[in-house]
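Here's the structure, in structure tokens; my notes come after.
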Amino acid sequence: MSITYNDRIKAWKLDTPNTSYILGVVDEKYLAHIYFGARVEDDNLSYLLRPEEIVPPSIKPEEQLGFMDTVQLEYPCQGIGDFRECCLALKGEDGQTGCNLIYKGYEIINGKGRIKGLPTCFGDNAQTLVIKMTDEISALEVSLSFTVFEDCDAVIRSAKIQNTGKRAFYLERAMSACLDFELENCEIITECGAWAREHIIERTKLNHAAVCAESIRGEEGHDAMPFMAVVSGNADQNSGEVYATQLVYAGNFLAKVKKNPHDQIRMVIGINPETFTWKLESGQSFRTPEAILVYSAYGLGHMTRTFHDLFRNHLIRQDWVRKERPILINNWEATYFDFDKDKLLEIGREAKKRGIELQVLDDGWFGYNRNQPSGGLGDWYVNEAKLEGGLKGLTDELDKMGMKFGLWFEPEMICEDTDLYKKHPEWVVHQKGRIPARARDQWLLDYSNPEVREYIFESMAGIVRSIPVVYIKWDMNRAISDVGSDYLPADRQGEIWHRHVLGVYEIQERLTEEFPYLLIENCSSGGARFDAGMLYYSPQIWCSDDMDPIERLSIQEGTAMLYPVSTIGSHIAKSPNDISWRSVSFESRAVAAMFGTFGYELDITKLPKEEVEQIPGQIERYKSIRKLILEGNYYRLASYRETKEYDAYMIVSNDKKEAFMVYMQVLSKPNSLSRRVKLQGLDPEMHYDVNGVTYGGDVLMNAGILIQRKKDFEAQFVRLKGKGK
Ligand code: DGJ
27 MSITYNDRIK AWKLDTPNTS YILGVVDEKY LAHIYFGARV EDDNLSYLLR PEEIVPPSIK
87 PEEQLGFMDT VQLEYPCQGI GDFRECCLAL KGEDGQTGCN LIYKGYEIIN GKGRIKGLPT
147 CFGDNAQTLV IKMTDEISAL EVSLSFTVFE DCDAVIRSAK IQNTGKRAFY LERAMSACLD
207 FELENCEIIT ECGAWAREHI IERTKLNHAA VCAESIRGEE GHDAMPFMAV VSGNADQNSG
267 EVYATQLVYA GNFLAKVKKN PHDQIRMVIG INPETFTWKL ESGQSFRTPE AILVYSAYGL
327 GHMTRTFHDL FRNHLIRQDW VRKERPILIN NWEATYFDFD KDKLLEIGRE AKKRGIELQV
387 LDDGWFGYNR NQPSGGLGDW YVNEAKLEGG LKGLTDELDK MGMKFGLWFE PEMICEDTDL
447 YKKHPEWVVH QKGRIPARAR DQWLLDYSNP EVREYIFESM AGIVRSIPVV YIKWDMNRAI
507 SDVGSDYLPA DRQGEIWHRH VLGVYEIQER LTEEFPYLLI ENCSSGGARF DAGMLYYSPQ
567 IWCSDDMDPI ERLSIQEGTA MLYPVSTIGS HIAKSPNDIS WRSVSFESRA VAAMFGTFGY
627 ELDITKLPKE EVEQIPGQIE RYKSIRKLIL EGNYYRLASY RETKEYDAYM IVSNDKKEAF
687 MVYMQVLSKP NSLSRRVKLQ GLDPEMHYDV NGVTYGGDVL MNAGILIQRK KDFEAQFVRL
747 KGKGK
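Residues 27 to 751 in the numbering used here are what the sequence shown spells out, letter by letter.
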């Protein structure tokens, strides 16, 4: 049993392989958080609540406020004397805001089911504790869920909030999780980003000022990732304590941490309250996105591998997660909007000859005038001036070559220059009487309106039904502003942001249900929407438009700190690079692009002969490690962000018999010896072949190998083969 209840002390203990999470009822009313940390056998840790110091109201009513402000709570409410960050805030139709949740009962359920319309973790080898609390005055019931899996050191949390009364009220804040704990001398790790600079790891000291990671842009990765970790100051890849959280959500989020004057730390995560209100009529309920809590006593590496295992085993589509992904060629950086059928077929022919498996037709194939980013979005019919014979004409030819086909869409957007806009100007998200700000000359469609969602789904599904398309790139290229809906009534305008996210989920869910063979790659101006919410629908996500392998080191390090390497969309682009203007050898670009799904995004027909001839070898090499990337365990050996000179990572198979390592010398250092790099994750008793030399696993991990420092931007790929013990 992973979850046990001790009636005598009114406490639950949730165990994962290496951690325990303990919560209990205090004063027969309040749901208190007691402990989250390394696994313990005893469940009576209630002394940590300091009952002699933080005295419950039934014993000391005159100091109720002091109790509320210091007791550790699982789901704190606004305005009742807990002055720390709260999880729940509501407003009645009378304008009153009070809410005080009182414990009512619990249930332990085997397994973890899915929830229609929301991305969620799932699995049979799990138990879920559901705790019910109510506030009688506002007639509100909150059910908190806590799930633990047998194979993973994570706790999954969410809240369901139900109006059990007769009058409506408004949720003004409904966070997914709260974690109260203590950790001295700690630091906060977050990830920030912008276009072409996504997912960059940042570390800052936690004093008493709050630190938050948040986004209200509707595409979080061009701001901050829905993640936060509080770590002991000395934490590194292999040691130190880590309390981390992630939100399974593709919209505006807030992750906030603050240490109060008593040095109690509270971390909360959920939908960003700044762009959220939700009306709950009598009988209606609202479910928050899931939040993941991870504790690691073994540093950041264990946190990362826990997230990877959780996502691979319990979040990503199981029919896809371990399936080998096609090696693709995408025409975006090869042609941008300037292509026709002949050009695409020329690329396809050359790509097929070299061993590429899938050709992706990116932006520009639809509408009347999509020769620049200012037209066509919403008119999802092919531009025959560019593609004679339509998509069918193209796929017939590709089919003959044996080349699979993938297609780009940007389904959440509309351009003024379209039939769709002429017919339905009211489908644009806008505020009455105002023209919304354009970005990339486009506006957002109102996904709160079911007719809009139906139109988009049918436009996409119609194409997928009619041609042999096996892959879709779902792009989203602007931040969300000027929010207002002609469809929703006045008292539901605050719901648009969240309803937009639910609309995206709905269409992707319908696509995956009707076309289970379809591989969806999400994308948002690069990696602006790389999160666990989208991973539920698409087993790979485009990580950044910046394909410069040096820029990618920090982008990929940040992405892989949270998400499995196999989910990272990664391509080889031209040199000099279109975004960074840096020139890097074809070989180094290929090695860098192996950190993920591997593909080409350049005009293969224009490559010099000596480069095009390298492609079959690059593909063979990637294929030889494709399974390792899908199933293996990732270890970060060195970070260019920190070393300022080189970068290294490795991936090791579960049975530890196979591994590879990639080392990138970013800057050369004249007059230097070879570098000693200690490997990780190997079997200390196994012998390994490394470039024809045999080493013991213990030697490779403790003494390391010597890597020759080569010239600037030179990548090295090292394969390890276990030879037995
Ligand atoms: C942004 C994406 O990140 C690119 O890969 C490309 O698909 C363009 N959009 C097309 O407009």
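By construction, the Cβ of each residue, glycine as well, lies at the ideal position given by its N, Cα and C atoms.
Using a cutoff of 7 Å, the CB of Trp469 does not count as near the ligand DGJ, since none of the ligand's heavy atoms is closer than that.
DSSP links Gln188 through a beta bridge to Glu167 and Ser311. When the five nearest sequence neighbours on each side are left out, the beta carbons in the same chain lying within less than 6 Å of the beta carbon of Gly137 are those of Asp150 and Ala152, in order along the chain.
Following the DSSP letters along the chain, one finds Ile731 in no alpha helix (DSSP H) but inside the beta strand (DSSP E) bounded by residues Ile731 to Ile733. These are the residues, in chain order, with a beta carbon less than 6 Å from any non-hydrogen atom of the ligand DGJ: Trp358, Asp388, Asp389, Trp434, Asp501, Asn503, Cys549, Ser551, Gly552, Trp568 and Asp571. Straight-line measurement puts the Cα of Gly402 at about 50 Å from the Cα of Cys212.
Ala180 and Val347 do not touch by the CB rule: their CB atoms are close to 16 Å apart, not below 8 Å.
In this structure, the beta-carbon distance from Phe621 to Ile594 falls below 8 Å. Shortest Cα-Cα distance from Pro43 to any of Ala261, Leu144, Arg140 and Thr332 involves Thr332. For Asp715, same chain residues with a beta-carbon under 6 Å away, outside a window of 5 residues either side, are Lys747 and Lys749 in chain order. The continuous alpha helix (DSSP H) containing Gln344 extends over residues Gln344 to Val347.
The three-state reading of DSSP puts Lys632 in helix, counting H, G and I together. Excluding five sequence positions before and after Arg396, the CB atoms of its chain that fall closer than 6 Å to its own CB belong to Gly390 and Gly402, given in chain order. Comparing alpha carbon positions, the residue from Pro287, Ala619 and Gln706 closest to His597 is Ala619.
Per DSSP, the continuous alpha helix (DSSP H) segment holding Gly723 begins and ends at Gly723 to Asn728. By the CB criterion at 8 Å, Asp557 and Asn339 fall outside the cutoff.
Judged by DSSP in its simplified three-state form, Lys86 adopts coil rather than helix or strand. About 22 Å separates the beta carbons of Ile498 and Trp469, which is beyond the 8 Å limit, so they are not a contact pair.
His713 is bridged by DSSP to Gly722. Of the residues assessed, Ser580 falls on the buried side of the cut-off, its CB having 16 or more other CB atoms within 10 angstroms.
Under DSSP, Tyr672 forms a beta bridge with Gln691. For Thr330, the secondary structure class from DSSP, reduced to helix, strand or coil, is helix.
Leaving aside the five residues that flank Thr330 on each side, the residues in its chain whose CB is nearer than 8 Å to its CB run, in chain order, Ala586, Met587, Leu588, Tyr660 and Arg662. Boundaries of the alpha helix (DSSP H) harbouring Phe612: Phe612 to Ala619, taken from the DSSP string. Using a 10 angstroms sphere on the CB of Leu732, the tally of other CB atoms stays under 16, which defines it as exposed. Looking only at Ser72, Leu40 and Tyr73, the smallest Cα-Cα distance to Arg65 is reached by Leu40.
The beta carbon of Leu693 is closer than 7 Å to those of Glu671 and Asp738 in its chain, skipping five residues each way along the sequence. Closest by C-alpha distance to Ile226, out of Ile677, Ile106 and Gly553, is Gly553.
Non-local beta-carbon contacts of Lys751 in its own chain, meaning distances under 8 Å to residues more than five positions away in sequence, involve Asp709, Glu711, Met712 and His713 in chain order. Bridge pairing for Tyr132: Ile157 [DSSP]. Counting along the chain, Gly625 sits inside the beta strand (DSSP E) bounded by residues Gly625 to Glu627. In the three-state reduction of the DSSP assignment, Ser492 falls in the helix class, which pools H, G and I. C-alpha of Ile214 to C-alpha of Ser665: approximately 18 Å in a straight line. Ranked by how close their Cα comes to the Cα of Glu300, the residues Phe195, Gly520, Glu208 and Leu387 have Gly520 in first place.
The alpha-carbon of Gly143 is positioned some 25 Å away from that of Met159.
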